[in-house]
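Novice: Under my numbering, think of the first position of the sequence shown as 6, with each following residue one higher. Glycine included, C-beta positions come from ideal geometry on N, C-alpha and C.
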Amino acid sequence: MEIIVGAILTQNVSWKNVEKSIERIKASGFMDMDTLISMDDEVLHDFIRSTGYYRQKAGRLKELLKFIKENYGNIENMVFDTNLREKLLAIKGIGKETADSILLYALDLPYFVVDAYTFRIFRRIGIIEESNKVKYEDIREMVEKSLGKNVNDLKEFHALLVALGKDHCKKVPVCEGCPLYSICQRKI
Ligand code: SF4
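Following this line, the structure appears as structure tokens:
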């Protein structure tokens, strides 16, 4: 449940802001599907205000939780739906990154999460050409093919890219000490 809530709340905001909201919801004993679905909008807004776009996110979270409850009863049952990704993507406000975060981290299904760090690092090291308008799905499929759809490898690879993006490959890159320095085309 926490991962699903986090996947919605982290849209367009740093994880730090999301953590506070998740901790507050947990500490109040409200991290539960039925409780969140029936929660008064004003109360939910108050819990998630620090994540920005809180009205929109509250609506999206409730929509997603209602979808899960009505179609599967609980989160665990979602793994048996072979068309789950398509169904998640059909829900308003659920994009590819959010859907794949839920599939990989909440359900342990072998989907790679392509985020802004992935695009930036892959462009800089030369996996994607600078001018190439490469699509989300192309990168996802390339990584999944390379890593053999192994869930733990997909999680670890994503986590390593996030760590690299935070520690070195920032908007203004800190190339000194970067573990990819020797192979990177854009090092400075
Ligand atoms: S060497 Fe610099 S530009 Fe290349 S991946 Fe590392 S931090 Fe990014």
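Check Asn76 in the structure and name its three-state DSSP category.
Specialist: Here residue 76 corresponds to residue number 71 of the sequence shown, with the count starting at 1. Asn76 falls in the helix class under three-state DSSP.
Novice: Can you give me the C-alpha to C-alpha distance between Leu112 and Ala32, rounded to a whole angstrom?
Specialist: Residue mapping note: residue 112 aligns to position 107 of the sequence shown, counting from 1. Residue mapping note: residue 32 aligns to position 27 of the sequence shown, counting from 1. Looking at the two C-alpha atoms, the distance is approximately 24 Å.
Novice: Is Ile193 near the ligand SF4, in the sense that its beta carbon is under 8 Å from a heavy atom of that ligand?
Specialist: Reading the sequence shown from its first residue, position 188 is the one you call residue 193. Under cutoff, so the answer is yes.
Novice: Rounding to the nearest angstrom, what Cα-Cα distance links Val84 and Lys74 in this structure?
Specialist: In the sequence shown, counting from the first residue as 1, residue 84 sits at position 79. In the sequence shown, counting from the first residue as 1, residue 74 sits at position 69. If you take the alpha carbons of Val84 and Lys74, they lie about 14 Å apart.
Novice: Let me make sure I understand the geometry here. Which of Arg129, Gly57, Ser106 and Leu114 has the alpha-carbon closest to that of Asp120?
Specialist: Sequence index remark: in the sequence shown, residue 120 carries index 115 (1-based). Of Arg129, Gly57, Ser106 and Leu114, the residue nearest in Cα terms is Ser106.
Novice: Under the rule that 16 or more other beta-carbon atoms within 10 Å means buried, what is Ser43, buried or exposed?
Specialist: Locating residue 43 in the sequence shown gives position 38, where the first residue counts as 1. Ser43 comes out exposed.
Novice: With C-beta atoms as the reference, is Gly117 less than 9 Å away from Glu149?
Specialist: For the purposes of this step, residue 117 is taken as the residue at position 112 of the sequence shown. For the purposes of this step, residue 149 is taken as the residue at position 144 of the sequence shown. As written in the sequence, residue 117 is Phe, which differs from the Gly given in the question. Yes.
Novice: For the ligand SF4, I want to know if His173 counts as a neighbour, meaning its beta carbon is within less than 8 Å of at least one of the ligand's heavy atoms.
Specialist: Here residue 173 refers to the residue found at position 168 of the sequence shown. Under cutoff, so the answer is yes.
Novice: Quick check: is any heavy atom of the ligand SF4 less than 8 Å from the C-beta of Leu169?
Specialist: Looking up residue 169 in the sequence shown gives position 164. Leu169: yes, Cβ under 8 Å from the ligand SF4.
Novice: CA-CA distance, Glu24 and Tyr110?
Specialist: In the sequence shown, counting from the first residue as 1, residue 24 sits at position 19. In the sequence shown, counting from the first residue as 1, residue 110 sits at position 105. The straight-line gap from Cα to Cα measures roughly 16 Å.
Novice: Just to check, is the beta-carbon of Leu165 closer than 8 Å to a non-hydrogen atom of the ligand SF4?
Specialist: For the purposes of this step, residue 165 is taken as residue 160 along the sequence shown, with counting starting at 1. No - the ligand SF4 has no heavy atom lying nearer than 8 Å to the Cβ of Leu165.
Novice: To the nearest angstrom, how far is the alpha carbon of Asp46 from that of Lys176?
Specialist: In the sequence shown, counting from the first residue as 1, residue 46 sits at position 41. In the sequence shown, counting from the first residue as 1, residue 176 sits at position 171. When rounded, the distance between both Cα atoms is 36 Å.
Novice: DSSP three-state call for Ala95: helix, strand or coil?
Specialist: On the sequence shown, position 90 is the one that residue 95 refers to. In this structure, Ala95 counts as coil in the three-state DSSP scheme.
Novice: Helix, strand or coil: how does DSSP classify Lys67 here?
Specialist: To locate residue 67, count along the sequence shown from 1; it is residue 62. Three-state result, Lys67: helix.
Novice: Looking at the unbroken alpha helix (DSSP H) that takes in Thr123, where does it start and where does it end?
Specialist: Within the sequence shown, the letter at position 118 stands for residue 123. Taken as a continuous stretch (DSSP letters only), the alpha helix (DSSP H) holding Thr123 covers Ala121 to Ile130.
Novice: Within 8 Å: the Cβ of Leu114 and any heavy atom of the ligand SF4?
Specialist: Along the sequence shown, read from residue 1 onward, the residue named residue 114 stands at position 109. No - the ligand SF4 has no heavy atom lying nearer than 8 Å to the Cβ of Leu114.
Novice: Cβ of Ile133 versus every heavy atom of the ligand SF4: is any distance shorter than 8 Å?
Specialist: Counting from one through the sequence shown, the residue named residue 133 turns up at place 128. Checking the Cβ of Ile133 against the ligand SF4 gives no.
Novice: Reducing DSSP to helix, strand and coil, say where Gln16 ends up.
Specialist: Here residue 16 refers to the residue found at position 11 when the sequence shown is read from its first residue. Gln16 falls in the coil class under three-state DSSP.
Novice: What would DSSP say about Ile133, mapped onto helix, strand or coil?
Specialist: Here residue 133 corresponds to residue number 128 of the sequence shown, with the count starting at 1. In this structure, Ile133 counts as coil in the three-state DSSP scheme.
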